[in-house]
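Q: Chains as they are written, first to last, in our numbering: chain C, 174 to 385; chain P, 61 to 680.
Virtual Cβ for every residue (Gly too), placed ideally from N, Cα, C.
Source: prediction; values computed, not measured.
First the structure, then my questions, so here it is.
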């Protein structure tokens, strides 16, 4: 695993278990990978999940919240702005995760069982400097057909403090931004409501991390 | 099978194996039957093996990707007769029941202990989370791993944590009964010896495959199997045109079976997604699947009925419009059975100070046993049809199967090996008739099994129910009258529909055993996969409703819910009035059901099944 100073680079051919075993694996990603069955971590590679982001939605949401970038075969680097990266284009050869100071993270999910894939999940990563939010990335699974990053709601946080008021305002804005599709696990209305609730909880976890 | 060979090391031995696609199929094809098929999608974990020491789902790995690598299966763990500490601990701790997932559990635990000799309980649970167990509930599995870890670290593992047995206090201690004992067949299961239906391969065995309906309700206008029959390697293709139309009921219940006999082996009408359309027998599973794709079916798609209440409404599509099914209470309204039974004095309602009415619904639920339905049939040297099948009801299977294949029961031998979970889902004739017909058609041994998808669409499940409870209570917390109006959704076929709902009503109205109780029930056809037996057999759903209504009454009245229940629950020696009225035991002979006017339940059953019966009612 390459670990340059500014980012942690992961070979796309690596198994998920290899990532988990790497001491440099960010705790947020480690927590998500640890929730997958061991067998699955041994079978699946980073490249396989980049091609099929729906198979591990929480992993994809975590990458989006961490601001992951994809290194393609032709050495170009592109943000993992939307899942499905690699489909029909140059093959991904590596994944990059930026290393940033002052990062806090939080995850909130709702699932039928603790071991199940989430019906809806929110992953928040917030960068703070002197109490003010420098950057915020909020990704949701189950609120669109594929996991995706929230552009507008998270932007509201930047430039201000991370507190109960700013979190409430961000969570309230989320319902308008998401476009869930209902299925047997949850209706569109349920997913929309939970997207807001879980985003608030994920951001509150970021706040709590600072307090702890 | 692609004809290629791969070289790999299996359990320390260099092997050259025929590549059968997945590592799972390749290993099982080579006789490593300790590797189990459960889902084929990497969800259940039953197929776990160690590849270079790491656990993975062998169904998700191409055999070619394992070439040159070291595979460990459960067969490689024991040293001759000496079990691996994990195998021994699983027996000693009672960490297995059906044993189907046990090889995968043990292999995963081995990989864990190789990495971490002293794992915490949380670490064990996390590591083992990729292997599902539907029997043990995991506690004993965790204890087994903890015990093995301690022994492997050289510590004294203490006394084996065998399951505790709770016996009545008045029972004198006995040597065996009431004592915790290790499973007598534990060693067989922890070493992965061939114990299950699919753990044999017969010379000349063909592979059966089932074409199922994509529609919930349709009539087959035309079916053309000529292209499938012409495919090299195909030995038989059977459709409704090839099999005698013999009416039966697939529910595995004691003779005489409750009517209606509303099924045939293959029909020209399909009544749920996953219903049977055609079967194929071929040299390989791949050819059988190709043949299914070549069968042309022209469906006249009919309106589906997916809700039990809608099915009873005027103008609803009639699901069983055939003329040769007898014993349906009201076929035009899709009502298979109607029951209206009361016990006690209806005037008890007058004694009630308060009457509560509540409605509850439960959903359809699959047994999800890890071993799917699987069956192998062949002719033995004595001209008997041998049916080796994963069933809970071998004698019922033989009796039900006999008329379908036109053989007397003495020429059918049903072998029930150990099953990898059933939970009621195997209390039914499911695949045996299809497999047998393919053996009849080809003269060859035939193997059929359900995919995990087919388990959900073509096997059985728990009946969805709508329960309306009406409960009369006095201000002194006494339940004086109770009525349950039950709608049981039996899907496309009757199977266990009558008996499951009857058990539901009997249990629900006995637990608090009100002086007056009434059970009104409609068992209703819908165009959904037919439910069948499932742990609890109707009691589970009705108890959910019953205990909820009791809790809601207590809550509304401001009573302590435990005190309320304690005051009313049935006591030892009390007569179960509604059970008697429903016909439990001989008392039921005199019960007059409204399911068939002016005929008692037994005479009605006798009329429907050509049984002599008690003869107490007027002839039809």
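#1: How many angstroms separate the CA atom of residue 197 (chain C) from the CA atom of residue 612 (chain P)?
#2: Select from the region 205-223 of chain C all residues with a C-beta closer than 7 Å to any C-beta belonging to chain D, and list them in chain order.
#3: Sorted by chain position, which residues of the same chain lie with C-beta nearer than 6 Å to residue 259 (chain C)'s C-beta, five sequence neighbours on each side aside?
#4: Mind pulling the chain P residues with CB within less than 8 Å of residue 395 (chain C)?
#5: Which chain C residues sit within Cβ distance under 8 Å of residue 115 (chain P)?
#6: Closer than 7 Å, Cβ to Cβ, to anything on chain C: give me those residues from the region 105-138 of chain P, in chain order.
#7: Do you know offhand how far residue 582 (chain P)'s Cα is from residue 573 (chain P)'s?
#8: Label residue 523 (chain P) either buried or exposed according to how many other C-beta atoms from any shown protein chain fall within 10 Å of its C-beta, with 16 as the threshold for buried.
#9: How far does the alpha helix (DSSP H) with residue 495 (chain P) in it reach, from first residue to last?
#10: If you measure from the beta carbon of residue 561 (chain P) to each beta carbon in chain C, is any gap under 8 Å?
#11: In whole angstroms, what separates the C-alpha of residue 176 (chain P) from that of residue 215 (chain P)?
#12: For my contact list, residue 496 (chain P) and residue 510 (chain P) are in at a C-beta cut-off of 8 Å; report their separation, rounded to the angstrom.
#13: Could you tell me the boundaries of the alpha helix (DSSP H) in which residue 630 (chain P) lies?
#14: Taking residue 292 (chain C) as the reference, which of C:187, C:241, C:367 has the closest Cα?
#15: With 7 Å as the limit, tell me which residues of the region 424-438 of chain P have their beta carbon closer than that to any beta carbon of chain C; keep them in chain order.
#16: Does chain C have any CB closer than 8 Å to the CB of residue 168 (chain P)?
#17: Keeping to the same chain, check which residues put their C-beta closer than 7 Å to that of residue 325 (chain C); ignore five residues upstream and five downstream.
#18: For the pair the region 361-376 of chain P and the region 551-562 of chain P, tell me if three or more CB-CB distances fall below 8 Å.
#19: Alpha carbon to alpha carbon, what distance is there between residue 169 (chain P) and residue 192 (chain P)?
#20: Applying the 10 Å Cβ sphere with the 16-neighbour rule, what's the burial state of residue 534 (chain P)?
#21: Is residue 399 (chain P) helix, strand or coil when you go by DSSP?
#22: Are residue 464 (chain P) and residue 256 (chain P) closer than 8 Å when you measure CB to CB?
#23: Express the C-alpha separation of residue 592 (chain P) and residue 560 (chain P) in angstroms, rounding to a whole number.
#24: Excluding sequence positions up to five away, which residues of its chain have a Cβ less than 8 Å from the Cβ of residue 376 (chain P)?
#25: Using DSSP with H/G/I as helix, E/B as strand and the rest coil, what is residue 213 (chain P)?
#26: Looking at the secondary structure, which residues open and close the beta strand (DSSP E) in which residue 581 (chain P) lies?
#27: Quick one: give me the first and last residue of the beta strand (DSSP E) that residue 233 (chain C) is part of.
#28: Can at least three beta-carbon pairs, one atom from the region 129-142 of chain P and one from the region 215-229 of chain P, be found at a separation below 8 Å?
#29: Evaluate contact between the region 300-319 of chain P and the region 254-268 of chain P, counting only Cβ atoms and requiring at least three cross-stretch pairs below 8 Å.
#30: Would you say residue 186 (chain P) faces chain C, with C-beta separation under 8 Å as the test?
#31: Have a look at C:207, C:192, C:186, C:202 and flag the residue whose alpha-carbon is nearest the alpha-carbon of residue 183 (chain P).
#32: With residue 439 (chain P) as the anchor, note down where its beta strand (DSSP E) starts and where it stops.
#33: Quick one: what's got a C-beta closer than 6 Å to residue 444 (chain P)'s C-beta in the same chain, skipping five residues either side?
#34: Could you check whether the Cβ of residue 551 (chain P) sits closer than 8 Å to any Cβ belonging to chain C?
#35: For residue 150 (chain P), does the three-state DSSP call read helix, strand or coil?
#36: Report the partner residues of residue 390 (chain P) according to the DSSP bridge assignment.
A: Looking at the atomic coordinates:
#1: 54 Å
#2: Of the protein chains in this structure, namely C and P, none is chain D.
#3: Confidence is the limiting factor: at residue 259 (chain C) the pLDDT is only 49, short of 50, which leaves the residue's position unreliable, though a coordinate-based value still follows. The residues are 223, 224, 265.
#4: Because residue 395 (chain C) is not part of the residues shown, which for chain C are 174 to 385, the question remains open.
#5: 211, 212, 215
#6: Result list: 105, 108, 114, 115, 116, 117, 120, 121.
#7: 22 Å
#8: buried
#9: Note, residue 495 (chain P): alpha helix (DSSP H), 492-502.
#10: no
#11: 15 Å
#12: That belief does not hold up - the Cβ atoms of residue 496 (chain P) and residue 510 (chain P) are roughly 16 Å apart, past 8 Å.
#13: DSSP places residue 630 (chain P) in no alpha helix (DSSP H); its state is neither H nor E.
#14: Of the listed residues, the one whose Cα sits closest to residue 292 (chain C) is C:367.
#15: none
#16: yes
#17: 346, 350
#18: no
#19: Going by the C-alpha atoms only, they are around 13 Å apart.
#20: exposed
#21: Three-state DSSP puts residue 399 (chain P) in a strand.
#22: no
#23: Each residue's CA atom was taken as its position, placing residue 560 (chain P) and residue 592 (chain P) some 8 Å apart.
#24: 365, 370, 393, 394
#25: coil
#26: That run of the beta strand (DSSP E) goes 576-584.
#27: Not the beta strand (DSSP E): residue 233 (chain C) falls in the alpha helix (DSSP H), residues 230-238.
#28: no
#29: no
#30: yes
#31: Proximity to residue 183 (chain P) across C:207, C:192, C:186, C:202 peaks at C:207, based on C-alpha coordinates.
#32: Unbroken beta strand (DSSP E) run through residue 439 (chain P): 434-439.
#33: 471, 473
#34: no
#35: helix
#36: Bridge partners of residue 390 (chain P): P:395.
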